[in-house]
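One structure is given below, encoded as structure tokens.
Number of protein chains: 2
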Amino acid sequence: MQRAAALVRRGCCPRTLGPWGRSQSSAAAEASAVLKVRPERSRRERILTLESMNPQVKAVEYAVRGPIVLKAGEIELELQRGIKKPFTEVIRANIGDAQAMGQQPITFLRQVMALCTYPNLLDSPSFPEDAKKRARRILQACGGNSLGSYSASQGVNCIREDVAAYITRRDGGVPADPDNIYLTTGASDGISTILKILVSGGGKSRTGVMIPIPQYPLYSAVISELDAIQVNYYLDEDNCWALNVNELRRAVQQAKEHCNPKVLCIINPGNPTGQVQSRKCIEDVIHFAWEEKLFLLADEVYQDNVYSSDCKFHSFKKVLYEMGPEYSSNVELASFHSTSKGYMGECGYRGGYMEVINLHPEIKGQLVKLLSVRLCPPVSGQAAMDIVVNPPVPGEESFEQFSREKESVLGNLAKKAKLTEDMFNQVPGIHCNPLMGAMYAFPRIFIPVKAMEAAQAHKMAPDMFYCMKLLEETGICVVPGSGFGQREGTYHFRMTILPPVEKLKTVLQKDTSFFVP
Amino acid sequence: MQRAAALVRRGCCPRTLGPWGRSQSSAAAEASAVLKVRPERSRRERILTLESMNPQVKAVEYAVRGPIVLKAGEIELELQRGIKKPFTEVIRANIGDAQAMGQQPITFLRQVMALCTYPNLLDSPSFPEDAKKRARRILQACGGNSLGSYSASQGVNCIREDVAAYITRRDGGVPADPDNIYLTTGASDGISTILKILVSGGGKSRTGVMIPIPQYPLYSAVISELDAIQVNYYLDEDNCWALNVNELRRAVQQAKEHCNPKVLCIINPGNPTGQVQSRKCIEDVIHFAWEEKLFLLADEVYQDNVYSSDCKFHSFKKVLYEMGPEYSSNVELASFHSTSKGYMGECGYRGGYMEVINLHPEIKGQLVKLLSVRLCPPVSGQAAMDIVVNPPVPGEESFEQFSREKESVLGNLAKKAKLTEDMFNQVPGIHCNPLMGAMYAFPRIFIPVKAMEAAQAHKMAPDMFYCMKLLEETGICVVPGSGFGQREGTYHFRMTILPPVEKLKTVLQKDTSFFVP
Numbered sequence: 001m002q003r004a005a006a007l008v009r010r011g012c013c014p015r016t017l018g019p020w021g022r023s024q025s026s027a028a029a030e031a032s033a034v035l036k037v038r039p040e041r042s043r044r045e046r047i048l049t050l051e052s053m054n055p056q057v058k059a060v061e062y063a064v065r066g067p068i069v070l071k072a073g074e075i076e077l078e079l080q081r082g083i084k085k086p087f088t089e090v091i092r093a094n095i096g097d098a099q100a101m102g103q104q105p106i107t108f109l110r111q112v113m114a115l116c117t118y119p120n121l122l123d124s125p126s127f128p129e130d131a132k133k134r135a136r137r138i139l140q141a142c143g144g145n146s147l148g149s150y151s152a153s154q155g156v157n158c159i160r161e162d163v164a165a166y167i168t169r170r171d172g173g174v175p176a177d178p179d180n181i182y183l184t185t186g187a188s189d190g191i192s193t194i195l196k197i198l199v200s201g202g203g204k205s206r207t208g209v210m211i212p213i214p215q216y217p218l219y220s221a222v223i224s225e226l227d228a229i230q231v232n233y234y235l236d237e238d239n240c241w242a243l244n245v246n247e248l249r250r251a252v253q254q255a256k257e258h259c260n261p262k263v264l265c266i267i268n269p270g271n272p273t274g275q276v277q278s279r280k281c282i283e284d285v286i287h288f289a290w291e292e293k294l295f296l297l298a299d300e301v302y303q304d305n306v307y308s309s310d311c312k313f314h315s316f317k318k319v320l321y322e323m324g325p326e327y328s329s330n331v332e333l334a335s336f337h338s339t340s341k342g343y344m345g346e347c348g349y350r351g352g353y354m355e356v357i358n359l360h361p362e363i364k365g366q367l368v369k370l371l372s373v374r375l376c377p378p379v380s381g382q383a384a385m386d387i388v389v390n391p392p393v394p395g396e397e398s399f400e401q402f403s404r405e406k407e408s409v410l411g412n413l414a415k416k417a418k419l420t421e422d423m424f425n426q427v428p429g430i431h432c433n434p435l436m437g438a439m440y441a442f443p444r445i446f447i448p449v450k451a452m453e454a455a456q457a458h459k460m461a462p463d464m465f466y467c468m469k470l471l472e473e474t475g476i477c478v479v480p481g482s483g484f485g486q487r488e489g490t491y492h493f494r495m496t497i498l499p500p501v502e503k504l505k506t507v508l509q510k511d512t513s514f515f516v517p
Numbered sequence: 001m002q003r004a005a006a007l008v009r010r011g012c013c014p015r016t017l018g019p020w021g022r023s024q025s026s027a028a029a030e031a032s033a034v035l036k037v038r039p040e041r042s043r044r045e046r047i048l049t050l051e052s053m054n055p056q057v058k059a060v061e062y063a064v065r066g067p068i069v070l071k072a073g074e075i076e077l078e079l080q081r082g083i084k085k086p087f088t089e090v091i092r093a094n095i096g097d098a099q100a101m102g103q104q105p106i107t108f109l110r111q112v113m114a115l116c117t118y119p120n121l122l123d124s125p126s127f128p129e130d131a132k133k134r135a136r137r138i139l140q141a142c143g144g145n146s147l148g149s150y151s152a153s154q155g156v157n158c159i160r161e162d163v164a165a166y167i168t169r170r171d172g173g174v175p176a177d178p179d180n181i182y183l184t185t186g187a188s189d190g191i192s193t194i195l196k197i198l199v200s201g202g203g204k205s206r207t208g209v210m211i212p213i214p215q216y217p218l219y220s221a222v223i224s225e226l227d228a229i230q231v232n233y234y235l236d237e238d239n240c241w242a243l244n245v246n247e248l249r250r251a252v253q254q255a256k257e258h259c260n261p262k263v264l265c266i267i268n269p270g271n272p273t274g275q276v277q278s279r280k281c282i283e284d285v286i287h288f289a290w291e292e293k294l295f296l297l298a299d300e301v302y303q304d305n306v307y308s309s310d311c312k313f314h315s316f317k318k319v320l321y322e323m324g325p326e327y328s329s330n331v332e333l334a335s336f337h338s339t340s341k342g343y344m345g346e347c348g349y350r351g352g353y354m355e356v357i358n359l360h361p362e363i364k365g366q367l368v369k370l371l372s373v374r375l376c377p378p379v380s381g382q383a384a385m386d387i388v389v390n391p392p393v394p395g396e397e398s399f400e401q402f403s404r405e406k407e408s409v410l411g412n413l414a415k416k417a418k419l420t421e422d423m424f425n426q427v428p429g430i431h432c433n434p435l436m437g438a439m440y441a442f443p444r445i446f447i448p449v450k451a452m453e454a455a456q457a458h459k460m461a462p463d464m465f466y467c468m469k470l471l472e473e474t475g476i477c478v479v480p481g482s483g484f485g486q487r488e489g490t491y492h493f494r495m496t497i498l499p500p501v502e503k504l505k506t507v508l509q510k511d512t513s514f515f516v517p
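Here it is, written out as structure tokens:
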């Protein structure tokens with residue numbers, strides 16, 4: 001009381017004093033009950049407001065964690081507080097977060113990580129020798145033999161060597177140079193770093209970045225942050241979301257009227273589409289990039305997630321080399337991989353790498369300089385990346401268990417991809433293309449007129465309205481297609497296939513019965 | 001041979017083909033020896049060059065990992081190859097990387113991290129119960145009880161609660177709200193994120209960011225990346241690098257002629273200066289920020305690194321609250337901390353947090369949106385941050401060992417701070433201010449005329465020349481003052497005090513005997 005009065009004497013409102021040990025509101029109530037204060041004096045105009053902030057940041061959108069996900073959080077809190085709902089839990093099918101959905105970590109990876117974290121365990125008989133060998137190799141390459149030291153900005157040397165060896169094996173012998181490997185804080189970090197270097201120019205010579213529609217919204221977000229020009233090319237939904245080079249041509253021609261298209265982004269296997277590109281398609285894209293002088297960004301984080309028996313992952317790097325030196329010594333390419341997807345699903349470690357091809361040596365210097373400002377990617381994430389590219393091999397102690405775990409995860413995902421596709425396609429009003437790869441379904445929904453009208457009445461986009469209703473009535477959290485981009489007048493949502501099979505069946509049943517056109 | 005010839009027939013140079021299994025140069029030599037090829041056809045103009053790249057990124061400088069450090073790497077390779085030098089190892093005193101310099105991790109932190117990484121260890125009798133308790137608490141707050149899941153964009157809830165409780169304890173009861181805590185990928189990430197949101201406007205209304213000179217070059221680098229205006233204020237070297245508010249006034253007045261000064265950055269304890277600000281100084285700065293409507297950024301990553309008995313760390317947050325509600329409810333402040341410094345020295349985990357005060361609720365929404373694009377900070381780094389703010393307490397099993405280890409690290413650093421200052425000041429031509437805190441000495445060097453001339457002949461800045469010579473002749477790697485900024489005509493270098501005492505003595509002896517003016 002005394003304190004509040006003293007403050008008021010000084011002409012200040014105690015409302016936001018945050019009194020030590022007392023609730024702010026009680027102090028405020030106390031003060032204003034006794035003395036008439038002038039609260040308007042206490043709050044001046046803020047410096048940082050929606051009006052004064054960076055307009056590029058304001059323009060950023062990221063639906064994977066947007067309003068639907070905030071609403072999901074609110075509903076979870078309500079459930080915790082005992083508020084009755086037509087469901088007992090929220091199922092977060094909005095994000096490719098395997099372990100959050102119950103997928104168990106690969107034992108070998110975690111063993112190596114634990115050994116690196118607490119090297120006393122290297123003496124423990126309960127850890128296999130091959131895990132200890134990996135851990136020793138990593139630690140020897142770290143400053144002070146510790147994950148707690150900064151690494152080189154480009155990443156730990158021996159891990160970059162292991163990444164290069166992995167790429168060489170993956171691509172049937174096409175060589176990879178550790179000097180071209182940059183370890184990153186997840187793939188997102190690599191993609192935004194290389195885009196940051198690429199963007200330049202003003203007005204009509206501002207850099208245009210071609211992205212697929214639908215896209216993974218990291219791309220549109222970074223383009224907005226960098227004030228670059230987003231150039232959309234549409235994937236062909238009627239043709240299993242295939243990429244058609246004629247559409248690339250259309251997009252680039254049109255873009256040239258108002259910007260300088262300089263970058264072409266490809267997501268393969270596709271997120272959110274689940275499409276796996278054919279070798280022919282990749283060749284066409286590379287030829288197009290070569291013709292149009294475009295820098296290629298190949299987002300290949302789902303390279304281990306291919307389910308259809310009639311398709312196969314081809315890396316852009318390999319196809320580029322197979323097309324001969326006119327291409328392989330000219331086309332500038334950056335490709336990305338991550339610890340977060342595949343069968344490891346180690347999203348939390350934020351590990352990743354980027355391989356660059358034909359990058360100008362001076363630009364490599366610039367890239368290292370830029371990376372060095374943030375010092376280095378998390379060394380634990382780098383170590384996780386090492387295990388992703390350097391898992392147990394036949395003859396090693398852990399090989400059998402590792403293979404069993406790996407096949408279980410991938411086998412399950414393949415099963416769930418088929419289940420999801422089949423169940424969606426049984427419902428009139430939903431059409432779902434084959435889930436050839438990645439971790440998502442992106443079904444098209446034909447929204448009935450009544451629902452369209454209801455959406456309009458709520459001032460919501462029809463697909464947002466659909467997803468919000470789905471969440472409120474079933475507890476299933478998915479992301480509206482508008483967050484990824486879709487042809488005007490079409491509506492979709494993205495749902496992960498990560499929940500365990502039984503739960504996924506429930507989700508799909510709710511989801512499809514919810515949808516009565 | 002056949003392959004090379006075939007390529008030449010197609011009019012391509014095989015030089016960069018990267019032939020499967022053969023060295024590139026041997027293939028090139030072979031081909032060009034036999035047939036006269038036209039190498040100019042194989043290499044088209046690259047898309048991404050120094051000329052076409054983002055000019056803001058090109059302008060970035062980051063000396064802590066600049067040319068001196070590249071040279072140090074070259075010398076290390078030469079030593080490995082057996083090339084004789086006047087020394088046997090390179091001592092990297094360029095960067096505050098404690099564990100790389102032999103500092104051992106705090107056992108308790110690594111035990112908790114290992115338990116979180118490989119939860120099977122929770123059944124092991126060789127881990128203490130208090131570590132298990134911490135690990136269980138963290139895991140229960142993670143999706144799927146795993147470090148491998150993404151966290152919320154703002155960070156794991158219970159870790160933000162622990163950070164808030166730590167701040168409240170640190171600040172003698174001034175309350176901290178977990179909603180105002182954002183976990184980050186090291187402090188660098190927090191600083192660049194908040195600056196990214198703050199920067200706006202063009203021409204004379206472009207955002208000006210006030211930074212101390214000398215500064216930690218993250219600031220100048222991010223300002224350059226964001227194309228903001230760097231506004232220098234000079235610390236007072238003659239007064240132990242104190243911050244003088246009159247100098248802030250001068251700087252802001254001058255800046256207003258060509259930009260819109262909106263942000264004031266403070267580094268306390270100072271990097272590279274080692275200055276610890278008095279409470280009075282902080283109050284003056286806050287009053288100045290309030291008067292001039294500046295958003296305050298308080299870089300407080302060295303808050304545990306205070307060595308002089310006659311000074312003490314005061315947080316900006318605490319002083320702000322003690323100044324009363326006119327300030328505490330108006331001044332917008334973001335303060336930063338990290339796992340990398342203090343006594344933990346866990347740089348590799350890239351953990352950190354930022355606390356924001358008086359941030360507009362709409363801006364908080366924008367901040368979460370921006371952070372969500374990168375999904376989340378590394379969850380292992382978040383867990384490490386939890387142990388930094390939530391270490392063992394009296395009565396807990398690990399308390400004694402933890403306290404011993406903590407005091408050993410901090411006691412050693414205090415000893416080394418004194419040793420460094422004393423030894424530098426014995427040398428004519430070197431003047432070193434007291435190392436009150438942080439991890440660096442930033443001595444002034446009075447470079448003799450002959451050395452100045454030699455530097456000019458080598459087209460190098462005199463301090464760069466000095467550091468290069470020091471490296472080449474003694475193996476000691478330090479960073480020239482120009483990388484941090486210094487008053488024109490004065491020269492300095494930054495050296496960490498992290499090497500073990502005996503090694504540091506050798507370093508200082510070499511360093512001071514090297515300097516014969």
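Taken in order, these protein sequences are the chains called A and B.
Counted from 1, the first sequence has number 179 at position 179 by the UniProt record's numbering; the numbering is strictly sequential.
Counted from 1, the second sequence has number 326 at position 326 by the UniProt record's numbering; the numbering is strictly sequential.
Built from N, CA and C at the ideal position, the CB exists for glycine as well.
Host beta strand (DSSP E) of residue i (start-end)
i: B:Arg494; result: Tyr491 to Thr496
i: A:Ser338; result: Leu333 to Ser338
i: A:Asp299; result: Phe295 to Asp299
i: B:Val427; result: Looking at the DSSP string, B:Val427 is not in any beta strand (DSSP E), and its letter there is neither H nor E.
Extent of the continuous alpha helix (DSSP H) to which residue i belongs
i: A:Cys281; result: Arg279 to Glu292
i: A:Tyr166; result: Asn157 to Arg170
i: B:Pro361; result: Pro361 to Val373
i: A:Thr474; result: Pro462 to Thr474
Cross-chain neighbours of residue i in chain B, by beta carbon under 8 Å
i: A:Ser146; result: Gln99, Ala100, Pro105 and Gly348
i: A:His360; result: Arg46, Leu48, Thr49 and Leu50
C-alpha gap between residue i and residue j, whole angstroms
i: B:Lys505; j: A:Phe316; result: 54 Å
i: B:Leu115; j: B:Leu122; result: 6 Å
i: B:Glu45; j: A:Asn232; result: 26 Å
i: B:Val373; j: B:Lys415; result: 44 Å
Spatial neighbours of residue i in its chain, beta-carbon cut-off 7 Å, leaving aside the 5 residues before and after
i: B:Met344; result: Ile106, Leu109 and Val388
i: B:Pro119; result: Leu139
i: B:Phe127; result: Gln111, Leu115 and Leu121
Sequence-distant residues of its chain with Cβ nearer than 6 Å to residue i (five each side left out)
i: A:Asp97; result: Cys347
Nonlocal neighbours in the same chain, by C-beta distance under 8 Å from residue i, ignoring five residues either side
i: B:Ile363; result: Ile197
i: B:Val319; result: Arg279, Ile282, Glu283 and Ile286
Where residue i meets chain A, residues with beta-carbon distance less than 9 Å
i: residue 518 of chain B; result: Since the first residue of chain B shown is 1 and the last is 517, residue 518 of chain B is not available in this structure.
Partners in chain A for residue i, counting only beta-carbon separations shorter than 8 Å
i: B:Thr185; result: Thr185, Arg350, Arg374 and Pro378
Contact list for residue i against chain B, beta-carbon separation under 7 Å
i: A:Phe370; result: Reading off the sequence shown, one finds Leu at residue 370 of chain A, where the question assumed Phe. Neighbours of A:Leu370 on chain B, chain order: Val57 and Val60.
i: A:Gln111; result: Tyr118
- request: Could you run through the region 282–294 of chain B and flag, in chain order, every residue whose CB is less than 8 Å away from some CB of chain A?
  value: Lys293 and Leu294
message: Tell me which residues of the region 197–225 of chain B have at least one Cβ-Cβ distance to chain A shorter than 9 Å, keeping chain order.
response: Ile197, Leu198, Val199, Ser200, Gly201, Thr207, Pro217, Leu218, Ala221, Val222 and Glu225
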